[in-house]
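Asks: I have a structure I would like to understand better, so I am pasting it below and will then ask my questions one at a time.
2 protein chains.
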Amino acid sequence: MNSIMSSFTALTRFIPGIKWARAYSTEYAILDAIAGVTVGLTVLPQALAYATLAGLQPQYGLYSAFVGCIVYAFFGGCSDLTIGPTALLALMTGRHTNLGGESGPHLAILLCFLSGVVELIMAFLKLGALVDLISLPVSVGFTSATAVIIASSQLKGLLGIRSNSGTDFISTVVSVFGNLQNSRLGDATLGISSVIILLQLRKLKDMKAPDDATKSRKMIHTTLWLIATARNALMVLLASVLAFYFELKGSSPFILTGTVRSGIPDIKLPPFQTTILNPTNGTIVEMNFGGMLGELGSSIILVPIIAVLGNVAISKAFGGSGINATQELMALSMANILGSFVSSIPVTGSFSRSAVNHASGVKTPYGGLYTSALVLLALGVLTPYFRYIPKAALSAVIISAVIFMIEYEVVKPLWRCNKRELLPGAVTFIVSLIVGVEIGLLGGVLTDIAFVVQRTARPGLSINQMQTISNIQYILVRPKHSLLYFPAVEWVRNGISNAVKEHGRLPVVLDCRNLNEFDFTVVRGLEALHNELGSMKVPLILLGTQDAVKNILIGATNANIPDVSSEHELDELLQEFSSDVKELKEVLTPLFKCNN
Amino acid sequence: MNSIMSSFTALTRFIPGIKWARAYSTEYAILDAIAGVTVGLTVLPQALAYATLAGLQPQYGLYSAFVGCIVYAFFGGCSDLTIGPTALLALMTGRHTNLGGESGPHLAILLCFLSGVVELIMAFLKLGALVDLISLPVSVGFTSATAVIIASSQLKGLLGIRSNSGTDFISTVVSVFGNLQNSRLGDATLGISSVIILLQLRKLKDMKAPDDATKSRKMIHTTLWLIATARNALMVLLASVLAFYFELKGSSPFILTGTVRSGIPDIKLPPFQTTILNPTNGTIVEMNFGGMLGELGSSIILVPIIAVLGNVAISKAFGGSGINATQELMALSMANILGSFVSSIPVTGSFSRSAVNHASGVKTPYGGLYTSALVLLALGVLTPYFRYIPKAALSAVIISAVIFMIEYEVVKPLWRCNKRELLPGAVTFIVSLIVGVEIGLLGGVLTDIAFVVQRTARPGLSINQMQTISNIQYILVRPKHSLLYFPAVEWVRNGISNAVKEHGRLPVVLDCRNLNEFDFTVVRGLEALHNELGSMKVPLILLGTQDAVKNILIGATNANIPDVSSEHELDELLQEFSSDVKELKEVLTPLFKCNN
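Those protein sequence lines, which keep their order, are chains A and B.
Letter by letter, the first sequence follows residues 1 to 596 in UniProt numbering.
Letter by letter, the second sequence follows residues 1 to 596 in UniProt numbering.
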């Protein structure tokens with residue numbers, strides 16, 4: 001028994017999800033099944049829609065929707081989190097799927113594989129901490145811009161406009177408004193009313209039955225909640241039935257999804273070569289691995305970073321800080337690597353579906369297994385019916401999901417308490433819309449870092465004229481920061497020089513009691529200041545340096561900047577100095593008299 | 001009289017150098033003249049050599065050598081500083097002078113003008129502070145790499161090798177060693193012996209006459225110092241006489257400088273268009289202003305930054321912190337803008353010549369007027385003789401000047417006290433050599449900034465279990481930094497969560513007494529932590545928040561995180577909490593009993 005236990009423990013180290021199996025009761029299984037199926041009803045229409053958003057055939061969304069849940073059940077640590085295709089990653093993938101030939105799905109699947117590899121590297125190098133560089137305002141700016149871009153990209157589908165246009169935000173919007181007269185009545189009616197209905201249904205979810213409600217009243221509430229949660233699936237079902245009915249009657253008011261390939265995908269290596277359409281003469285040409293890497297470019301780094309960011313945010317939100325970041329990163333990496341073997345596009349945690357999972361009362365990550373089962377069932381059985389799904393309905397599903405990613409409500413508290421922090425958020429939002437999401441994110445992070453560097457470079461200095469117990473006047477300079485690094489050195493030097501100019505040539509005492517760290521540049525700067533003040537017969541004294549600072553002071557300079565550990569010692573030292581100065585004055589005064 | 005005085009004061013505001021004129025005595029004039037002429041003797045051979053380094057005809061060095069000194073006399077604030085061509089700026093200019101046609105000097109002069117404009121913009125935007133981002137190790141790495149690159153670029157001239165090669169360090173070294181068999185005996189002999197003699201002469205400068213030396217002994221020492229200081233001029237003179245002698249005898253053992261255009265340059269606008277050689281068919285083609293801007297590229301920003309960096313370093317070294325950085329930047333800007341009207345290449349303060357100026361006993365920036373006069377005299381009278389200067393002698397002048405810019409002596413104290421800081425220096429040095437100086441500098445600065453961000457992201461936390469006066473246990477968490485920004489939020493959250501795991505579910509007190517600043521992300525992180533701990537019935541309390549922090553806490557969240565200002569208040573609050581918890585326990589215990 002003991003050896004079974006210990007081998008079980010060893011196994012948990014590699015596959016942490018095994019631990020849930022130990023205490024897995026029937027009750028848990030039922031609760032997980034309810035939640036898993038509910039999530040499944042959400043992911044089905046989303047997967048079809050996100051595949052279209054990525055510029056791929058709908059089945060690729062389904063291929064992406066089942067592996068993540070299985071992998072996470074065994075490797076993940078947060079019961080609520082559900083991995084699969086997301087609007088943002090689909091949008092980022094969609095930038096590489098318009099080269100024609102077989103390159104669309106091939107590049108998307110390769111990107112999924114490479115994202116997993118990069119995430120694995122990040123896990124080993126503990127680079128998951130890079131997401132710490134993304135502040136809340138930047139994150140909000142980025143998500144909001146993405147939501148605007150995604151929503152605008154769906155306007156054509158919503159209105160039934162058939163036209164090619166650029167993939168960036170501005171040309172999309174221009175193209176939509178330029179083609180408004182080409183919108184189709186059927187699609188536009190279906191699309192707009194779907195959005196309105198979905199937004200109304202979403203509100204049902206927040207209706208709570210009062211605690212003293214009757215049983216039947218509670219039943220009604222539960223039903224309403226279920227409708228609200230499965231609203232996307234219901235909406236799509238309704239629209240498809242409508243489309244089917246019209247097809248039977250021989251009319252086609254909606255643009256339909258078209259054939260969705262049936263069956264479970266083959267298990268095979270991700271593609272390392274592909275074919276593209278040569279735009280000049282319309283022939284199909286080979287593209288090798290190098291060419292594919294070149295086409296994917298910065299997405300190979302950016303997609304994993306965005307995926308990790310999303311995943312971390314969700315697991316923190318639902319799992320608290322009991323979550324092991326490295327383990328989560330490993331789970332995400334596995335979901336992408338293994339996913340690429342069944343033709344998945346890049347996946348990550350979905351905030352909206354995780355919220356559904358949580359609200360549905362999931363108990364363990366095994367809930368994902370039921371979601372996967374539903375998706376696989378759909379692939380096997382339902383695909384023939386998916387061809388009747390109107391594209392406008394899928395666009396409505398996407399739009400009504402992403403508009404809640406626009407987080408304008410954070411602007412007000414920011415404006416109230418720290419207007420400066422609006423800048424990185426605004427930079428991210430505007431640059432993301434105009435130039436592109438990755439440049440926007442980078443711009444926001446750099447704006448934030450510039451601020452951190454600026455704060456390091458300009459520490460507050462409190463400067464006061466003081467006197468010791470034996471009434472010797474001195475200037476006390478106290479940096480308000482606990483770190484003093486190279487960008488601050490000239491600032492501190494100037495501050496002290498100005499203090500000497502203002503207060504007269506009194507001894508200068510630099511209060512180091514709160515200083516934890518110095519660097520070489522600062523020490524050399526202090527040495528120069530010590531020499532400069534020394535030439536004016538102004539002593540520079542350090543008060544209460546800590547050991548770490550003391551070591552670097554001794555190592556870096558030959559100047560013996562005097563260093564006292566207490567105010568009492570300071571008094572003694574200043575007494576010594578003042579008698580020296582007095583003696584010096586007595587020696588110098590006759591000389592001065594001779595000269596003048 | 002008063003109105004004259006006040007108009008004088010008004011004038012000093014625009015032309016600060018006027019102030020020296022008020023108390024300008026004959027004694028000052030003599031001392032300035034001696035120093036000015038000594039600097040002039042140093043700048044003459046350097047100017048010729050640096051023009052060659054920049055890939056231009058020698059007279060352009062002389063054109064660059066006189067304007068800076070005149071401008072600085074009126075606009076500068078540091079008596080010792082002398083502005084003119086430098087090896088580093090010449091090297092950076094030389095990257096744009098190999099396009100043939102008239103483009104060499106035209107691009108160099110335009111770069112000088114644009115550098116002045118960028119410096120002017122930097123002065124107005126107070127961007128001079130950007131040089132604060134360059135730490136001592138990065139600055140040392142950059143200067144050392146530049147010195148190595150410049151020295152290696154002069155090896156061909158020194159050895160009389162005639163061959164074209166790439167402009168970067170590696171291809172230059174490869175080309176020199178590949179062409180060693182093509183070196184000319186005459187040039188190599190002259191070059192190598194010149195370097196040896198120059199290095200020996202340099203040592204003379206450091207010989208000090210003892211204070212009790214006889215008058216004749218002191219005279220000898222002064223003569224030796226003068227020889228050491230004017231060693232470049234003397235060496236070039238000697239080598240030229242030698243070359244002239246050989247020419248008279250009909251032999252040409254040295255490659256000579258060739259004709260130097262005589263006369264003072266015309267005053268004209270910097271060129272805004274030029275001609276280049278079309279490399280494919282050898283014809284001369286026009287290049288417009290846009291093309292010139294494209295060719296100069298990042299140099300338009302980088303040359304001014306390097307110029308400002310050098311200038312600030314020198315004015316700090318010689319002028320202490322009494323120097324007004326903006327005024328210095330204005331003076332540098334004027335020197336470049338006005339210089340470009342007389343065909344100057346980019347100029348900045350020269351450390352070596354400023355040291356000569358200082359050592360020669362200069363009293364005011366007017367010393368530069370005498371230097372300018374000497375250069376103008378040379379342009380008018382001496383140019384016919386400059387054609388006999390052997391190129392090997394000029395290479396020797398450059399090499400023996402720049403090898404002292406290789407500052408290996410900073411490595412030892414860095415290794416001793418702070419090995420981490422070797423990294424930015426090493427990155428700068430190696431990347432500068434392999435890729436290029438601007439990428440090297442950028443790499444070094446980014447390495448340093450990454451460290452600053454890393455320190456901001458990972459503040460030390462001191463975590464202790466404490467008890468109040470009424471013996472209530474709590475966990476005291478004290479961040480060792482005084483700033484808490486977004487990159488640290490997850491780190492602090494995890495630290496506190498782990499502390500709760502380790503010490504048990506005791507109240508957590510975050511000691512904010514040393515915290516000066518928070519940002520929005522941190523506040524929202526604290527809110528999330530507060531909620532998370534709250535769900536475990538662990539109170540989170542802030543101790544001694546300052547007003548700035550308090551304001552942002554109130555503005556950013558709705559969670560009322562309790563906040564106490566003293567340990568006494570803390571005790572009271574904890575007493576309240578513990579009685580709450582007791583009550584809660586009394587309520588909950590029967591419930592638990594029912595359930596189990």
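Cβ atoms here follow ideal geometry from the backbone N, Cα and C, with glycine treated the same way.
What residues in its chain sit with their C-beta under 8 Å from that of residue 589 of chain B, if we drop five residues either side in the sequence?
Replies: Its pLDDT being 47, under 50, residue 589 of chain B is placed unreliably in this model, and the coordinates cannot settle the point.
Asks: Do residue 347 of chain A and residue 355 of chain A come within 7 Å of each other at the CB atom, strictly closer than that value?
Replies: no
Asks: What does a CB cutoff of less than 6 Å around residue 81 of chain A pick up in its chain, not counting 5 residues either side in sequence?
Replies: 314, 315, 349 and 354
Asks: Using the Cα positions of residue 388 of chain A and residue 256 of chain A, report the straight-line distance between them to the nearest angstrom.
Replies: Pairing residue 388 of chain A with residue 256 of chain A, the inter-Cα distance amounts to about 6 Å.
Asks: Looking at chain A, is there any beta carbon in it that lies within less than 7 Å of the beta carbon of residue 288 of chain B?
Replies: no
Asks: Starting from the Cα of residue 39 of chain A, find the closest Cα among A/452, A/65, A/12 and A/285 and give me that residue.
Replies: A/65
Asks: Beta-carbon of residue 520 of chain A versus every beta-carbon of chain B: anything under 7 Å?
Replies: For residue 520 of chain A, the answer is yes, since a Cβ of chain B falls inside 7 Å of its Cβ.
Asks: Tell me the residue span of the beta strand (DSSP E) that contains residue 476 of chain A.
Replies: First-last of the beta strand (DSSP E) with residue 476 of chain A: 473-479.
Asks: For the alpha helix (DSSP H) containing residue 399 of chain A, list its first residue and its last residue.
Replies: Counted as a single uninterrupted DSSP element, the alpha helix (DSSP H) harbouring residue 399 of chain A occupies residues 391-402.
Asks: Checking contacts by CB at 7 Å: is residue 456 of chain B closer than that to chain A?
Replies: yes
Asks: Residue 577 of chain B by DSSP, collapsed to three states: which one?
Replies: In the structure shown, residue 577 of chain B sits in a helix (DSSP, three-state: H, G or I).
Asks: Between A/381, A/561, A/400 and A/61, which has its C-alpha nearest residue 262 of chain A's C-alpha?
Replies: A/381
Asks: For residue 41 of chain B, which option in B/182, B/247, B/144 and B/62 has the closest C-alpha, if you only look at C-alpha atoms?
Replies: B/62
Asks: Measure the C-alpha to C-alpha separation of residue 376 of chain A and residue 43 of chain A and round it to an integer number of angstroms.
Replies: 12 Å
Asks: DSSP beta-bridge partners for residue 349 of chain A?
Replies: A/83
Asks: Nearest chain A C-beta to residue 21 of chain B closer than 7 Å, yes or no?
Replies: False, the Cβ-Cβ gap to chain A never drops below 7 Å.
Asks: What's the gap between the Cα of residue 539 of chain B and the Cα of residue 137 of chain B?
Replies: 46 Å
Asks: Compute the distance between the beta-carbons of residue 120 of chain B and residue 333 of chain B, then report whether it is under 7 Å.
Replies: At the C-beta level, residue 120 of chain B and residue 333 of chain B come within 7 Å of one another.
Asks: Any beta-carbon of chain A closer than 7 Å to the one on residue 417 of chain B?
Replies: It does: the Cβ of residue 417 of chain B has a partner Cβ on chain A nearer than 7 Å.
Asks: Can you find a C-beta in chain A that's less than 7 Å from the C-beta of residue 184 of chain B?
Replies: no
Asks: Measuring CB to CB, does residue 270 of chain A end up less than 7 Å from residue 111 of chain A?
Replies: Contact check for residue 270 of chain A against residue 111 of chain A fails: the beta carbons are separated by 7 Å or more.
Asks: Using alpha carbons as the reference points, say which of A/440, A/370, A/341 and A/172 lies closest to residue 140 of chain A.
Replies: Ranked by Cα distance from residue 140 of chain A, the options A/440, A/370, A/341 and A/172 are led by A/440.
Asks: For residue 536 of chain A, does the three-state DSSP call read helix, strand or coil?
Replies: Three-state DSSP puts residue 536 of chain A in coil, outside helix and strand.
Asks: For residue 135 of chain A, which of helix, strand or coil comes out of DSSP?
Replies: Note: residue 135 of chain A maps to coil in three-state DSSP.
Asks: Look up residue 25 of chain B in the DSSP assignment and say whether it is helix, strand or coil.
Replies: Coil, per DSSP.
Asks: Inspect the beta-carbon positions of residue 154 of chain B and residue 399 of chain B and report whether they are closer than 7 Å.
Replies: Remark: C-beta atoms of residue 154 of chain B and residue 399 of chain B approach each other more closely than 7 Å.
Asks: How far does the alpha helix (DSSP H) with residue 259 of chain A in it reach, from first residue to last?
Replies: Residue 259 of chain A -> no alpha helix (DSSP H), and no H or E assigned at all.
Asks: When you compare the region 422-431 of chain A with the region 492-503 of chain B, are there three or more beta-carbon pairs, one atom per stretch, that lie closer than 8 Å?
Replies: no
Asks: Which same chain residues, not among the five before or five after residue 503 of chain A, have their C-beta less than 7 Å away from its C-beta?
Replies: 465 and 475
Asks: Hey, would you say residue 194 of chain A sits closer than 7 Å to residue 47 of chain A, going by beta carbons?
Replies: no
Asks: I believe residue 555 of chain B touches residue 417 of chain A by the beta-carbon criterion, under 8 Å. Please report the beta-carbon distance rounded to the nearest angstrom.
Replies: 2 Å
Asks: Taking Cβ-Cβ distances shorter than 8 Å, what residues in chain B pair up with residue 132 of chain A?
Replies: 457, 486, 487, 488, 489, 490 and 491
Asks: Measuring CA to CA, which of A/286, A/435, A/279 and A/426 is closest to residue 597 of chain A?
Replies: With chain A covering 1 to 596 only, the question about residue 597 of chain A has no answer from this structure.
Asks: Going by alpha carbons, who is nearest to residue 525 of chain A out of A/567, A/489, A/481 and A/463?
Replies: A/489
Asks: For residue 182 of chain B, which of helix, strand or coil comes out of DSSP?
Replies: helix
Asks: Can you check which of these residues, B/572, B/369, B/537 and B/529, is closest to residue 471 of chain B by C-alpha distance?
Replies: B/572
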